[in-house]
Amino acid sequence: MYEIFRPIIPFLDLYKSLNRMNSNSRNSTPKLSRMNQREESLSQHSSILESLSSLRMHCIQFQQAQLDSNLACLKSAVDAIITQFEELSHLESSSSLITAYELLLEAMKKEYNAFGLKLKLKQLVGANNAMEDEIRKSFSLAEDVLFSSDQDFTPELFLNIHQATVSFIRDFSVILFESLKTSTTDAHFIIRCKAICNTDHKNMLCFEAYVTRKMYILDQNGHMEFPHPRFFTKEKDIDTILKFADPLDALANYPDSEFSGFCRIKYLSIVHPAIEFNIFGNLHLRDSVGKWIHPRTHFYASFVKMATWVWISHVMSALLPSRDRPVMFQAKKGARYVGDHMEAASLSFDKQHPAKVAFTVTPGFKIGAGLIKCKVHVVRTKEEN
Numbered sequence: 001m002y003e004i005f006r007p008i009i010p011f012l013d014l015y016k017s018l019n020r021m022n023s024n025s026r027n028s029t030p031k032l033s034r035m036n037q038r039e040e041s042l043s044q045h046s047s048i049l050e051s052l053s054s055l056r057m058h059c060i061q062f063q064q065a066q067l068d069s070n071l072a073c074l075k076s077a078v079d080a081i082i083t084q085f086e087e088l089s090h091l092e093s094s095s096s097l098i099t100a101y102e103l104l105l106e107a108m109k110k111e112y113n114a115f116g117l118k119l120k121l122k123q124l125v126g127a128n129n130a131m132e133d134e135i136r137k138s139f140s141l142a143e144d145v146l147f148s149s150d151q152d153f154t155p156e157l158f159l160n161i162h163q164a165t166v167s168f169i170r171d172f173s174v175i176l177f178e179s180l181k182t183s184t185t186d187a188h189f190i191i192r193c194k195a196i197c198n199t200d201h202k203n204m205l206c207f208e209a210y211v212t213r214k215m216y217i218l219d220q221n222g223h224m225e226f227p228h229p230r231f232f233t234k235e236k237d238i239d240t241i242l243k244f245a246d247p248l249d250a251l252a253n254y255p256d257s258e259f260s261g262f263c264r265i266k267y268l269s270i271v272h273p274a275i276e277f278n279i280f281g282n283l284h285l286r287d288s289v290g291k292w293i294h295p296r297t298h299f300y301a302s303f304v305k306m307a308t309w310v311w312i313s314h315v316m317s318a319l320l321p322s323r324d325r326p327v328m329f330q331a332k333k334g335a336r337y338v339g340d341h342m343e344a345a346s347l348s349f350d351k352q353h354p355a356k357v358a359f360t361v362t363p364g365f366k367i368g369a370g371l372i373k374c375k376v377h378v379v380r381t382k383e384e385n
């Protein structure tokens, strides 16, 4: 009868087996929620140690009952050992259940992270599509009416070109103005800018007028006018440049073209070294453009987009016979405001009061029998000084 109980694992071997099993379970458990698991793990280990201690004691009682040939004590020790084994088995099941929950939590966390990444990807794709739509809208006119250098030139076509040109000049003027206002550290430079006008709106008009004048050639008398046709002798370059949706791609593929030279000259003329240094703290962009390198930066891309439309209006004018070429005009400072060929830049301007021109923001054009008004900043007569 005693031989029945001899196959029971000795206590030390059992202890090592349980520790090995518990160690493997810990190694396979993902490292999640460490602070929450710590208390559960300590409680579980405490229960295992208590069960092992009780098991050890009952094994000693079992061995003593064998030596004393005490059947009652032997049976009691066996029952206690079985009870402890059942408790250890229950603890092992609980550990497996915890492991299963941890694995489920890990899977849910991975799924949550994947969902977050998918959401970010969707947002980036949406933003990218919006930017592409903006680019397509920006160049929709080029796709519709400016795709060929031999297309018939009409006043309506020039009006569309002019509207796009003015829009992009204004956009770049805003970028230039905001960049200076937020980035400059030169207090004297800020004071000089504010001394021009006393509001941001008027300052913006000054910047827009400055950029506009720089983008158009000045004659010896200081008047804006289109360049002589000799500056645009390669008509085939027009189609070559306009086939690119992004003008920076055209500059990269044809760095020695007339268009590239036009962008280079105009950037170096508009963005003075003092302006670029106040914005970026260095002259790296200016140095690159001076070497006929056209960087893909947001600031320079905005400039090139504007320069493209000014270049288009220059080219389309240069390709016309002299009798049909648009004639550019501007209003002189101090001239009386005349609504027939002037447009006030301020929407709050009261036409009932006499006013004079402070400066021209955008030039006007006389083309055939048609007229495009020049945009001017006006002041009341009593405020002229």
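Numbering follows the UniProt record's numbering, with no gaps: position 242 of the sequence shown is 242.
Just so it is clear, CB atoms sit at the ideal spot from N, CA and C, and this is done for glycine as well.
Comparing alpha-carbon positions, which option in the options lies nearest residue i?
{"i": "residue 306", "options": "170, 271 and 50", "result": "170"}
{"i": "residue 178", "options": "107, 276 and 293", "result": "276"}
{"i": "residue 335", "options": "116, 130, 378 and 247", "result": "378"}
{"i": "residue 203", "options": "121, 358 and 263", "result": "358"}
{"i": "residue 310", "options": "293, 159 and 86", "result": "159"}
{"i": "residue 214", "options": "257, 272 and 242", "result": "272"}
{"i": "residue 180", "options": "281, 322 and 324", "result": "281"}
{"i": "residue 265", "options": "106, 345 and 292", "result": "292"}
{"i": "residue 207", "options": "175, 374 and 183", "result": "175"}
{"i": "residue 313", "options": "119, 242, 296 and 70", "result": "242"}
{"i": "residue 84", "options": "129, 122, 57 and 126", "result": "57"}
What does residue i pair with, by DSSP beta-bridge criteria?
{"i": "residue 362", "result": "375"}
{"i": "residue 367", "result": "370"}
{"i": "residue 380", "result": "355"}
Apart from the five residues just before and just after residue i, which ones in its own chain have a Cβ nearer than 6 Å to its Cβ?
{"i": "residue 380", "result": "353 and 355"}
{"i": "residue 209", "result": "359 and 361"}
{"i": "residue 251", "result": "260 and 294"}
{"i": "residue 240", "result": "none"}
{"i": "residue 166", "result": "362"}
{"i": "residue 247", "result": "304 and 308"}
{"i": "residue 345", "result": "205, 361, 375 and 377"}
{"i": "residue 27", "result": "Note that residue 27 has pLDDT 49, beneath the 50 cutoff, so the model's placement of it is unreliable and the number below is only indicative. No residues qualify anywhere along the chain."}
Please check if any C-beta of chain C sits within less than 8 Å of the C-beta of residue i.
{"i": "residue 125", "result": "Among the protein chains of the structure shown there is no chain C, as only one such chain exists."}
Look up residue i in the DSSP assignment and say whether it is helix, strand or coil.
{"i": "residue 107", "result": "helix"}
{"i": "residue 271", "result": "coil"}
{"i": "residue 338", "result": "coil"}
{"i": "residue 69", "result": "coil"}
{"i": "residue 283", "result": "coil"}
{"i": "residue 216", "result": "coil"}
{"i": "residue 333", "result": "coil"}
{"i": "residue 244", "result": "coil"}
{"i": "residue 79", "result": "helix"}
{"i": "residue 256", "result": "coil"}
{"i": "residue 223", "result": "Per-residue confidence for residue 223 stands at a pLDDT of 48, beneath the threshold of 50, marking its modelled position as unreliable; the derived number appears in the next sentence. Reduced to three states, the DSSP call for residue 223 is coil."}
What are the boundary residues of the beta strand (DSSP E) that includes residue i?
{"i": "residue 344", "result": "342–344"}
{"i": "residue 329", "result": "327–329"}
Any heavy atom of the ligand ZN closer than 7 Å to the CB of residue i?
{"i": "residue 317", "result": "Inclusion of the ligand ZN in the displayed structure is not the case, the ligand content being empty and no account of it being possible."}
Tell me which same chain residues have a C-beta within less than 7 Å of the C-beta of residue i, skipping the five on either side of it?
{"i": "residue 65", "result": "73, 74 and 77"}
{"i": "residue 303", "result": "172 and 267"}
{"i": "residue 168", "result": "305, 306 and 309"}
{"i": "residue 367", "result": "155, 158 and 326"}
{"i": "residue 50", "result": "none"}
Span of the alpha helix (DSSP H) holding residue i?
{"i": "residue 438", "result": "Since the first residue of the chain shown is 1 and the last is 385, residue 438 is not available in this structure."}
{"i": "residue 252", "result": "247–253"}
{"i": "residue 323", "result": "No alpha helix (DSSP H) holds residue 323; DSSP gives it neither H nor E."}
{"i": "residue 172", "result": "155–183"}
Going by beta carbon distance, what residues of the same chain come within less than 8 Å of residue i, once the five residues before and after it are set aside?
{"i": "residue 61", "result": "73, 76, 77 and 80"}
{"i": "residue 365", "result": "158, 162, 326, 327, 328, 329, 371 and 372"}
{"i": "residue 253", "result": "244"}
{"i": "residue 115", "result": "none"}
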